[in-house]
Each structure stands twice: as structure tokens, then as C-alpha cells.
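Next comes the structure, spelled out in C-alpha cells:
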């Protein structure tokens with residue numbers, strides 16, 4: 001049996017292989033009990049069986065298990081389909097992960113409808129972050145991981161809304177054994193974005209402003225900033241105000257046209273930095289000249305979000321050396337370029353969740369088969385909740 005043939009086995013072929021392996025075990029054990037009286041032909045037969053058994057065991061992990069994905073094609077339409085077997089091949093430095101949970105957020109909804117800059121063409125699988133179990137590990141120079149281990153991860157490109165994925169081992173972070181995987185699934189993308197944004201602010205003391213302080217990223221940012229002994233101000237609506245205040249933010253209503261002037265007075269001239277998801281240029285007025293504005297997203301009208309993001313990205317890049325300076329925080333890009341820092345950030349978040357020093361949003365669970373509803377509900381998710389897919393395949 002060649003390895004290539006083994007990797008192409010369908011489900012019935014895998015069952016036949018497993019059955020043959022089991023039969024071989026029985027025959028081999030029976031022969032061992034009577035080896036002293038065996039004929040030369042039986043010895044040759046048993047040698048062949050044992051060799052075949054060793055081969056089947058050593059290559060059984062190459063058999064790609066069944067996997068299902070949610071594929072966007074065309075924009076606005078999502079369908080469940082089986083993935084190609086070769087997409088799950090585990091080469092050196094990669095791992096096969098059975099995904100158990102994955103978050104669903106605004107970015108996924110934008111991508112599905114064709115309004116996300118980083119997914120400009122259809123036929124992709126949404127989803128950036130996941131929780132799962134390692135089923136197979138390719139060879140690696142230094143492995144921190146083991147088969148059967150629960151891990152979390154963020155992908156540099158979408159693809160997590162699937163039941164299994166082949167992923168670089170450098171993207172995987174162990175999940176503490178005592179941490180509920182559903183709780184863990186609420187955190188990776190949003191919490192790591194908040195952590196990276198605070199790192200980019202580089203505020204050692206004083207006060208910061210978190211735009212959307214009761215939102216998916218904002219609620220994490222408020223907690224993480226407070227843990228750095230920063231005074232946190234936040235903008236929120238009446239709907240999300242209670243969430244922001246529960247984490248200690250001093251909240252301003254962004255619909256009040258005087259809120260920027262009010263914040264300047266409250267801070268004696270401005271804050272040390274702003275984490276912003278809107279792209280508003282007048283935020284420069286509320287930041288000290290030596291401070292920074294970190295842009296994690298840019299608002300745009302429906303159907304024009306990609307253009308708004310591209311324009312905002314370009315404008316922020318041009319103001320990199322302005323006063324105040326601006327920075328862009330793109331978590332997928334940072335995950336791609338800075339693996340060690342990414343793993344350290346995600347590991348720290350998971351440890352804090354496990355210890356209870358960070359408060360997660362309340363998971364709002366959806367079955368994988370209810371994917372379309374999960375995406376449709378994103379914009380109406382109650383404050384303080386996070387949509388999580390629970391895989392059932």
C-alpha cells in the first residue's frame with residue numbers, strides 16, 4: 001500500500017483499513033502464542049502481517065478526516081460544503097485541528113456581504129479565531145504542543161468557520177485545562193486586538209479614551225487599560241453604557257455634540273491616547289500633542305465599507321508622524337508578522353480569563369448548522385454578549 005493511496009481513502013476505505021488493522025492484530029497475537037510450532041510459511045505470513053500493520057498504523061494519521069466549511073459564494077450567500085482532502089494535509093510545522101468553537105463578529109458579517117476590504121472576492125470561508133483539539137501534528141523543530149491538546153488560535157486570513165483546519169503550529173496557543181472552551185472562544189480576536197491597540201498607544205500613565213467602550217473590542221480594552229493603571233474614558237450609547245461602566249470606564253455619550261469639549265475639560269487638555277474604530281478626524285482635538293490615536297477599524301456606509309477602510313488606512317498612515325501621531329492596529333497583519341508577540345498576548349489573555357482577572361462577555365451559542373442566523377444576528381447581539389459557534393459535525 002502506498003502512502004498516496006492511503007491519503008485518498010474515502011470513509012468506507014478508512015473503515016476497511018481499520019478493520020484490516022484490527023484483524024491483523026488478532027492474527028498476530030494468536031500466532032505469537034503458538035510461535036514455537038509455526039511452519040516457515042506461517043512465519044513469512046505473520047512477518048508480512050506485522051509489517052503491514054506497522055505501515056497502516058504509521059500512515060493512518062495521513063488519512064484526511066471529513067471536514068465541513070461555511071463558504072461564501074457569491075457574496076451574501078453562505079453554503080455548507082465538504083472541504084477538499086488535500087486542504088487538510090498536515091506537512092512539517094503544521095497541525096490538524098478539530099474546531100469545537102469559533103466566534104462570529106461584525107467582521108464576519110461584513111465579509112459575508114462583500115463589504116470587508118481583506119476579502120475582496122467570494123469563495124472564502126469566514127472566521128478568524130477558534131478553539132479546538134489537535135488531532136495530528138506534523139514534524140517540528142521545537143514543539144510546545146501535543147495531540148489531544150486544546151488550543152486557541154487566530155488566523156492571519158479568514159477560514160476558521162470550519163469543523164477541521166490544517167494550521168501552522170506557530171499560530172496555536174494552549175488553552176488552560178480549567179477554562180471553559182465556550183468562554184475561551186469569546187476572547188481571541190477581540191481581546192488580542194484590544195491588547196495590541198494598548199501596546200501601540202504606549203501610554204505609561206494618565207488617561208485614555210476608548211471609543212465604543214461597551215462594544216466587542218472596547219469592553220476588553222477598558223479592562224486591560226484599567227489593569228495598566230490608566231484612567232479610562234469611553235464613548236458609548238445608552239444601549240451599551242452599562243457594560244462600559246461595569247468595567248470602570250467614565251462614559252460620555254458620543255451623540256452629544258459637545259462630548260469632545262467636555263472630555264478636554266475633564267482631562268485638562270486631552271488624553272494620552274485614543275483607541276478608535278470610527279476613523280473620525282476630530283479626535284485629534286482630544287489627544288495631547290505627544291499622544292497617539294490607534295485606529296482598529298473605520299466606519300463606512302453599507303456597501304461602501306471597503307472604500308472607507310482603504311481611505312482611512314491611507315490617511316492614518318500619512319499621519320504616522322503627526323502630532324498627535326496615528327497608528328493602525330490590524331490584528332490579522334500582526335498575527336502574520338509577529339508570531340511570538342501574538343502568542344504571548346493570547347496566552348496572557350487566556351491565563352487571565354482562567355484566573356478570573358478578566359471578565360468575558362456572555363457567550364451566545366449557535367449550532368454550526370444555524371450559521372446563517374448567527375451572522376444575521378450579529379448586529380443585534382445584546383451588549384455584553386458574544387456569538388459563538390458550537391460545532392456539531
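Numbering (full-length UniProt numbering), first residue to last: 1 to 393. By construction, the Cβ of each residue, glycine as well, lies at the ideal position given by its N, Cα and C atoms. Fair warning: this is a prediction, and the values are worked out from it, not measured in the lab.
Task: Local Cβ density within 10 Å of residue 382, reported as buried at 16 or more and exposed below that - done: exposed
Task: Host alpha helix (DSSP H) of residue 371 (start-end) - done: Per DSSP, residue 371 belongs to the alpha helix (DSSP H) from 371-376.
- [ ] Drop a sphere of 10 angstroms on the beta-carbon of residue 81, count the other beta-carbons inside from all chains shown, and report buried for 16 or more, exposed for fewer.
- [x] exposed
Open item on the list: Tell me the rounded alpha-carbon separation between residue 220 and residue 91.
Closed with: 36 Å
TODO: Tell me whether residue 349 sits in a helix, a strand or coil according to DSSP, three-state version.
DONE: helix
TODO: Return the Cβ separation of residue 387 and residue 182 in integer angstroms, given the expectation that the two are a contact with Cβ distance under 8 Å.
DONE: 11 Å between Cβ atoms; not a contact.
TODO: Would you be able to state if there are at least three C-beta pairs under 8 Å between the stretch 182-194 and the stretch 350-358?
DONE: yes
- [ ] Using three-state DSSP, classify residue 284 as helix, strand or coil.
- [x] Helix at residue 284.
Open item on the list: Can you tell me where the alpha helix (DSSP H) holding residue 272 begins and where it ends?
Closed with: Unbroken run through residue 272 is the beta strand (DSSP E), 271-276; no alpha helix (DSSP H).
Open item on the list: Here's a check: name, in chain order, each residue in its chain whose Cβ is nearer than 6 Å to the Cβ of residue 154, leaving out the five neighbours to either side.
Closed with: Cβ within range, chain order: 128, 129, 188, 189, 335.
Task: Extent of the continuous alpha helix (DSSP H) to which residue 118 belongs - done: Run containing residue 118: none; DSSP gives neither H nor E here.
Task: Short Cβ contact (8 Å threshold) for residue 138 with residue 93 - done: yes
- [ ] Pull up the DSSP beta-bridge partners for residue 99, would you.
- [x] 132
Open item on the list: Going by beta-carbon coordinates alone, are residue 260 and residue 295 separated by less than 8 Å?
Closed with: Between residue 260 and residue 295, the C-beta spacing is not below 8 Å.
Open item on the list: Quick check on the burial criterion: 16 or more other C-beta atoms within 10 angstroms. Buried or exposed for residue 76?
Closed with: exposed
- [ ] Along the alpha helix (DSSP H) that carries residue 401, what are the first and last residues, could you check?
- [x] There is simply no residue 401 to check, as the chain begins at 1 and stops at 393 in what is shown.
Task: Span separating the alpha-carbon of residue 237 from that of residue 343 - done: 33 Å
Task: The alpha helix (DSSP H) enclosing residue 266, as first and last residue numbers - done: Run containing residue 266: 259-266, per the alpha helix (DSSP H) assignment.
Task: residue 368 in three-state terms, based on DSSP - done: Three-state DSSP puts residue 368 in a helix.
TODO: Find out if the Cβ-Cβ distance for the pair residue 310, residue 117 is shorter than 8 Å.
DONE: Going by C-beta atoms, residue 310 is nearer than 8 Å to residue 117.
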